[in-house]
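>
Number of protein chains: 2
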Amino acid sequence: MIALKAVRGFHLGNERVQVAGLPVKTVRAAATGPERRSDPNGSYPVGQLYVQHFQLHQPQARYPLLFWHGGGLTGACWEDTPDGRPGWHLHFMQRGYDTLVSDAVERGRAGWARYPEINPLEPEHRTVEQAWEQFRFGPEGGYVPGAPQQRGFPGQRFPVGSMEQFARQFVARWTNSTPATLRAYETLVRHAGPCVIIAHSQGGYFALEAARRLPDLVKALILLEPVAAPGPGGALGSRYKAIPHLVIWGDYYSESPIWRQYRAGVQRYLDNMAAEGGCVSTMDLPSMGIHGNSHMLMMDDNSDQLATMVHDWLAEAGCYRQ
Amino acid sequence: MIALKAVRGFHLGNERVQVAGLPVKTVRAAATGPERRSDPNGSYPVGQLYVQHFQLHQPQARYPLLFWHGGGLTGACWEDTPDGRPGWHLHFMQRGYDTLVSDAVERGRAGWARYPEINPLEPEHRTVEQAWEQFRFGPEGGYVPGAPQQRGFPGQRFPVGSMEQFARQFVARWTNSTPATLRAYETLVRHAGPCVIIAHSQGGYFALEAARRLPDLVKALILLEPVAAPGPGGALGSRYKAIPHLVIWGDYYSESPIWRQYRAGVQRYLDNMAAEGGCVSTMDLPSMGIHGNSHMLMMDDNSDQLATMVHDWLAEAGCYRQ
Numbered sequence: 001m002i003a004l005k006a007v008r009g010f011h012l013g014n015e016r017v018q019v020a021g022l023p024v025k026t027v028r029a030a031a032t033g034p035e036r037r038s039d040p041n042g043s044y045p046v047g048q049l050y051v052q053h054f055q056l057h058q059p060q061a062r063y064p065l066l067f068w069h070g071g072g073l074t075g076a077c078w079e080d081t082p083d084g085r086p087g088w089h090l091h092f093m094q095r096g097y098d099t100l101v102s103d104a105v106e107r108g109r110a111g112w113a114r115y116p117e118i119n120p121l122e123p124e125h126r127t128v129e130q131a132w133e134q135f136r137f138g139p140e141g142g143y144v145p146g147a148p149q150q151r152g153f154p155g156q157r158f159p160v161g162s163m164e165q166f167a168r169q170f171v172a173r174w175t176n177s178t179p180a181t182l183r184a185y186e187t188l189v190r191h192a193g194p195c196v197i198i199a200h201s202q203g204g205y206f207a208l209e210a211a212r213r214l215p216d217l218v219k220a221l222i223l224l225e226p227v228a229a230p231g232p233g234g235a236l237g238s239r240y241k242a243i244p245h246l247v248i249w250g251d252y253y254s255e256s257p258i259w260r261q262y263r264a265g266v267q268r269y270l271d272n273m274a275a276e277g278g279c280v281s282t283m284d285l286p287s288m289g290i291h292g293n294s295h296m297l298m299m300d301d302n303s304d305q306l307a308t309m310v311h312d313w314l315a316e317a318g319c320y321r322q
Numbered sequence: 001m002i003a004l005k006a007v008r009g010f011h012l013g014n015e016r017v018q019v020a021g022l023p024v025k026t027v028r029a030a031a032t033g034p035e036r037r038s039d040p041n042g043s044y045p046v047g048q049l050y051v052q053h054f055q056l057h058q059p060q061a062r063y064p065l066l067f068w069h070g071g072g073l074t075g076a077c078w079e080d081t082p083d084g085r086p087g088w089h090l091h092f093m094q095r096g097y098d099t100l101v102s103d104a105v106e107r108g109r110a111g112w113a114r115y116p117e118i119n120p121l122e123p124e125h126r127t128v129e130q131a132w133e134q135f136r137f138g139p140e141g142g143y144v145p146g147a148p149q150q151r152g153f154p155g156q157r158f159p160v161g162s163m164e165q166f167a168r169q170f171v172a173r174w175t176n177s178t179p180a181t182l183r184a185y186e187t188l189v190r191h192a193g194p195c196v197i198i199a200h201s202q203g204g205y206f207a208l209e210a211a212r213r214l215p216d217l218v219k220a221l222i223l224l225e226p227v228a229a230p231g232p233g234g235a236l237g238s239r240y241k242a243i244p245h246l247v248i249w250g251d252y253y254s255e256s257p258i259w260r261q262y263r264a265g266v267q268r269y270l271d272n273m274a275a276e277g278g279c280v281s282t283m284d285l286p287s288m289g290i291h292g293n294s295h296m297l298m299m300d301d302n303s304d305q306l307a308t309m310v311h312d313w314l315a316e317a318g319c320y321r322q
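Here the protein sequences line up with chains A and B, keeping their order.
Residues in the first sequence are numbered from 1 upward in steps of one, following my numbering.
Residues in the second sequence are numbered from 1 upward in steps of one, following my numbering.
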């Protein structure tokens, strides 16, 4: 049983663009209804983020948890797993954490800016096959569209039989939205106040940047397979160095040259941080005897075990009960 | 305090398309990371719907409530109002209703199919100005972009000072997605089982269609300013005739020729239904002495009062306590 004080959903953002000079159209929104005018010229808010805030009646955790999804996904990735088990969001609420689950700029309920008139770039849509390879589920070309059985890497913990269900949560992404996304996440952290961020993949990059910018508010970072790290910046401030970072890596890196590159880049950043006195813990799951995890750690068949490890680490870091 | 058993989020849908023959690109998802291959060819699930299911520990209501948004919006429209008050979703949960809040096909967390390769049609993006007119907030051309004060119709109950915040929840829509949306909503109703649907605007059309198709499962319909009704079909079955319909209309119809057209079409359908023995209640708010409501009834300053009226009607219709 989860005793909620409230659940709220809202958007954060402050930008606006004006569009002019486009032709006015006529559309019929319902087949049985009349036509109406559709004028695309006017003002549009852009760069907003959507967040759903679950406030517990009596939170047990010291700080709320912010859940930041990866590229081409939304906050839905923290809810049910593709094979229908409860996800990390429910897990952490049950442990007594307030949560804020966001859809970043241009994904999900955040909406997306029209292209090419506002955003000149085309979006990228991920195929099931692309996910199969990028998320280290199985060998290149090994996905059979729609088949209920799929042959993932030996010992694969991701529910590969639910690939298509997983792919239903994919959303288009734009590779030029990083600056707007960072602004929106900064606004979110300021809104949340002192908080812990759990971030996956691309979200890990945003979380590292946000912590650099707002070291007084980010009390801990959990980075699930971060895909990139900030570029070389100035020296780390003492407040930043005090933020505990937990980085978790799954399995099958030997199968993925691109992931070895991603990880090497992030590792350089973390090594520099540690050398400067930063606070980095790493869980390389295979070297801890936990084999078979994909890029989608929070959906793998040991997702509850991993969530418990994260919770225990947060408690150790002083981020659970006061 | 709301005692939840669980909150789950997932997608429903069964369709798949294959794309072939498109050029393979190279993208750099993070400025600091390496480039990677982006092959748009392969399989995509399409036509799915996203739903978030809030299960109460001890529901008081006889049936769960399904919340169906209108065109160009998502399930977020039932959460906070643009001026930050709690929305209908929280209101009904607090009264003891289990809820299922969906993002229909091609909106929000449901994702959208690439165009023109899968969906040949361009989407429609709503401007703030278009919403100002279509939602009967104020006189044509009366919206001043970004101004904190806006001059709505006299007595306007929509928080017009929060227009831009409202517009942050707008999402692109496609006017050709009706068949796929109906299929997805049918799947949702079958998933939910016996249920009550609260539907706004375009969602009202879908709800009327769904009730015709699944009269054993839809136990009552609440239609907030439905924008259209099904076309002439066969005679109404006896099971359909037993479903109580509540239709609610706001104010300012005299200011909107297109809304008079929409409403006239729906009214013909409802009149036919009543003539055949169907069960239709209408709340025309101005004629009940409640003036100043816009198209966005659930966001107007009397949204709690209206929700209470809906709840009372549901209790009267036997849909609350058993």
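Cβ atoms here follow ideal geometry from the backbone N, Cα and C, with glycine treated the same way.
Does the pairing of the stretch 265-279 of chain B with the stretch 221-231 of chain B give three or more beta-carbon distances under 8 angstroms?
The stretch 265-279 of chain B, when compared against the stretch 221-231 of chain B, does touch it at the 8 angstroms Cβ threshold.
> Taking Cβ-Cβ distances shorter than 7 angstroms, what residues in chain A pair up with B/R151?
Within 7 angstroms Cβ-Cβ: nothing; B/R151 doesn't reach chain A, min ~16 angstroms.
> Pull up the DSSP beta-bridge partners for A/G9, would you.
Answer is A/Q52, bridged to A/G9.
> With a cut-off of 8 angstroms, does the C-beta of B/Y262 fall near any C-beta of chain A?
Chain A, which has a Cβ nearer than 8 angstroms to the Cβ of B/Y262, makes this yes.
> Which chain A residues sit within Cβ distance under 8 angstroms of B/D80?
What B/D80 touches in chain A: R8, G9, F10.
> Note down the Cα distance separating B/F54 from A/H69, rounded to an integer number of angstroms.
Between B/F54 and A/H69, the C-alpha separation is close to 21 angstroms.
> Give a yes or no on whether the minimum CB-CB distance between A/M1 and chain B is below 8 angstroms.
For A/M1, the answer is yes, since a Cβ of chain B falls inside 8 angstroms of its Cβ.
> To the nearest angstrom, how far is the alpha carbon of B/H125 from that of B/W313?
Rounded to whole angstroms, B/H125 to B/W313 spans 35 angstroms at the Cα level.
> Here's the rule: buried if 16 or more other CB atoms are within 10 angstroms of the residue's CB, otherwise exposed. What is B/Q202?
The residue is buried, with at least 16 neighbouring Cβ atoms inside 10 Å.
> By the 10 Å Cβ neighbour count, where 16 or more other Cβ atoms means buried, how is B/P159 classified, buried or exposed?
The residue in question, B/P159, is buried, as its Cβ has 16 or more Cβ neighbours within 10 Å.
> In the structure shown, what three-state DSSP assignment does B/I258 receive?
B/I258 falls in the helix class under three-state DSSP.
> CB-CB under 7 angstroms to A/P215, same chain, minus the five flanking residues each way: which ones, in chain order?
Hits under 7 angstroms: G237, R239, Y240, I243.
> Would B/Y205 pass as an interface residue toward chain A - the criterion being a Cβ-Cβ separation below 8 angstroms?
Yes, B/Y205 lies at the interface with chain A (some Cβ there is under 8 angstroms from its Cβ).
> Rounding to the nearest angstrom, what Cα-Cα distance links B/G111 and B/L121 in this structure?
Those two C-alpha atoms are separated by around 16 angstroms.
> Taking only beta carbons into account, state which residues of the stretch 112-135 of chain B come closer than 7 angstroms to chain A, listed in chain order.
Cβ contacts with chain A: W112, R114, E124, H125, T127, V128, E129, Q130.
> For A/E164, collect the residues of the same chain with a Cβ closer than 7 angstroms to its Cβ; drop the 5 residues on either side in sequence, then sort them by chain order.
V128, G146.
> Could you please give the first and the last residue of the uninterrupted alpha helix (DSSP H) stretch that includes B/Y44?
First-last for B/Y44: 42-46, but that is the beta strand (DSSP E), not the alpha helix (DSSP H).
> With a threshold of 16 other CB atoms inside 10 Å of the CB of A/K25, please say whether the residue is buried or exposed.
Exposed: under 16 other Cβ atoms inside 10 Å.
> Specify whether the stretch 242-262 of chain B and the stretch 292-301 of chain B touch according to this definition: at least 3 beta carbon pairs, one from each stretch, less than 8 angstroms apart.
Verdict: yes, contact present.
> Hey, could you find the ends of the beta strand (DSSP E) A/D103 is sitting in?
Here the beta strand (DSSP E) through A/D103 covers 99-103.
> Could you give the uninterrupted runs of the beta strand (DSSP E) lying entirely in the stretch 225-256 of chain B, keeping only those of 3 residues or more?
If we require 3 residues or more, the beta strand (DSSP E) runs fully inside the stretch 225-256 of chain B come out as 244-249.
> Please check the pair A/G193 and A/L223, which I expect to be a contact at CB under 8 angstroms, by giving their CB distance rounded to whole angstroms.
21 angstroms between Cβ atoms; not a contact.
> Taking the C-alpha atoms as reference points, what is the distance between A/E276 and A/H57?
Going from the Cα of A/E276 to the Cα of A/H57 covers about 40 angstroms.
> Comparing alpha-carbon positions, which option in A/R183, A/A180, A/E186, A/A220 lies nearest A/P198?
Note that residue 198 of chain A corresponds to Ile in the displayed sequence, not to Pro. That would be A/A220, whose Cα lies nearest to the Cα of A/I198.
> 8 angstroms is my cut-off, CB to CB: does B/Q165 come that close to chain A?
For B/Q165, the answer is yes, since a Cβ of chain A falls inside 8 angstroms of its Cβ.
> Taking any Cβ of chain A, which residues in the stretch 168-185 of chain B have a Cβ under 9 angstroms from it, in chain order?
Listed by position, the residues of the stretch 168-185 of chain B near chain A (Cβ gap below 9 angstroms) are R168, Q169, F170, V171, A172, R173, T175, T178.
> Looking at the unbroken alpha helix (DSSP H) that takes in A/T181, where does it start and where does it end?
Run containing A/T181: 178-192, per the alpha helix (DSSP H) assignment.
> Cutting at 6 angstroms between CB atoms, please list the residues of its own chain near A/H91, excluding the five before and the five after it.
Closer than 6 angstroms at Cβ, skipping near neighbours: A307.
> Going by the DSSP bridge assignment, what does A/H125 pair with across the sheet?
Its beta-bridge partners do not exist; DSSP assigns none.
> Output yes if chain B places a C-beta closer than 8 angstroms to the C-beta of A/S254; else output no.
No, no contact with chain B.
> So, are the CB atoms of A/R109 and A/Y44 less than 8 angstroms apart?
No, they are not a contact pair.
> Tell me, please, whether the CB atom of B/G231 is closer than 8 angstroms to any CB atom in chain A?
Interface residue, yes.
> Starting from the beta carbon of A/T74, find every residue of chain B whose beta carbon is closer than 9 angstroms, and list them in chain order.
Under the 9 angstroms cutoff, chain B gives Y50, G108, R109, G111.
> In chain order, what residues of the same chain have a beta carbon less than 7 angstroms from the beta carbon of A/H191, not counting five sequence neighbours either side?
L12, listed in sequence order.
> Going along chain C in order, which residues have a C-beta closer than 7 angstroms to the C-beta of B/A307?
The displayed structure is made up of protein chains A and B, and chain C is not among them.
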